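Presented below is the structure to which this report refers.
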Amino acid sequence: MQLLKNITRIATCGLLLAFCSCKKEAALTPTEDNRLYKLPQGDQPYDQEIVNFYEEYRTVILYKFSKLDFLYSPNGDNPAYASFTPAEGSQVQESLDFLHEQWFDLYNEDFLKKTLPFKILLASDLKRVVPPYTSLPVGTTYPRAIKGYNHVTFGRAGRISSMTAAEKDTVRGELHKAYWHLATLNRMIELPPAFTSLMPDYTSVHAWYPERSGVFTLYNGMTHFDDIADYIYKITTTDYATLTSTLFTPSRDPNGMFRKKYDAIVQYYLENYNIDLQAIGNM
């Protein structure tokens, strides 16, 4: 009996200690110093604009960043084999203006708050060198924008003023492709059911004639996320009249799959997200 009383006392004390410990921990609150990134990064007017953007959307825009910021992924370096040059201070305001004009201002606030990446990195240059033993197209490319594990990097901070109208369309398309690719992969944006039902998988796509399946470029291990990203690029770079006269033709679209998949994408996001993707391409 005495042993039972002692056990009861010990158990009661243990519960009291646990209660006190839990209550103390609950009272702790995080401080600003615990943030992963410290803003502002400087003392220019655009630094306050970046702070305001973070407070509104919880997305960090960085023009000073490291290789780790760019390449980090839980599964290894991503995007693989890419290098960058961070934007210079003199390029930041022009980059922010460009991103607003060609990206942020084209979507409603609710959509942006749900879908913007954790980080947007501003780079004056991007370079990607892909060796022959990967499943990616081999060679050196200079992407205008690229997605990482948790970021989109804009890679033309130093060339905005010299862009032609055609190049601006291409840059806009690569930005939106990277943005949507990351957001769909992270399930922030749903894929249109009509789009996925048209192509249950990609094993049956003919390597020499991918257009028969409405596929722009066939990749090893291709998924719906890769496919729709290519459509986002095409739609946001090309006006509707040009699509009709070039892509939606019997010679280019022999089975009508480009048209069917285009319609599935545009209609779904207009009806369910109030996003008119073709209006972006018509700019």
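According to mature numbering (1 follows the signal peptide of the UniProt record, and there is no 0), the residues represented by the sequence shown are -26 to -1, 1 to 257, in order. Where is the CB? At the ideal position from N, CA and C, for every residue including glycine. Here the structure is a predicted model, which is why all the values come from computation and not from measurement.
Counting C-beta atoms within 10 angstroms of its own C-beta, T177 has fewer than 16 neighbours from the protein chains shown and is therefore classed as exposed.
The distance from the Cβ of I24 to that of E68 is about 14 Å, inconsistent with a contact at the 8 Å cut-off. Taking 8 Å as the cut-off, the beta carbon of Q241 is found no closer than this to the beta carbon of I209.
DSSP lists no beta-bridge partner residue for K151.
A direct Cα-Cα distance of roughly 10 Å separates Y37 from T59. Shown here, I134 sits in coil according to DSSP, grouped into three states, outside any helix or strand. Contact between the segment 216 to 232 and the segment 142 to 155 is absent: fewer than three C-beta pairs spanning the two stretches fall below 8 Å. With a threshold of 16 other beta carbon atoms within 10 Å, D250 falls short and is exposed.
Between the alpha carbons of S187 and K41 lies a distance of about 39 Å.
Within the segment 40 to 83, the complete alpha helix (DSSP H) runs of at least 4 residues fall at 41 to 45 and 63 to 76. Here the alpha carbon of P19 sits roughly 26 Å from the alpha carbon of L100. Between L80 and I202, the CB-CB gap reaches or exceeds 8 Å.
Annotated three-state conformation of H198 is helix, per DSSP.
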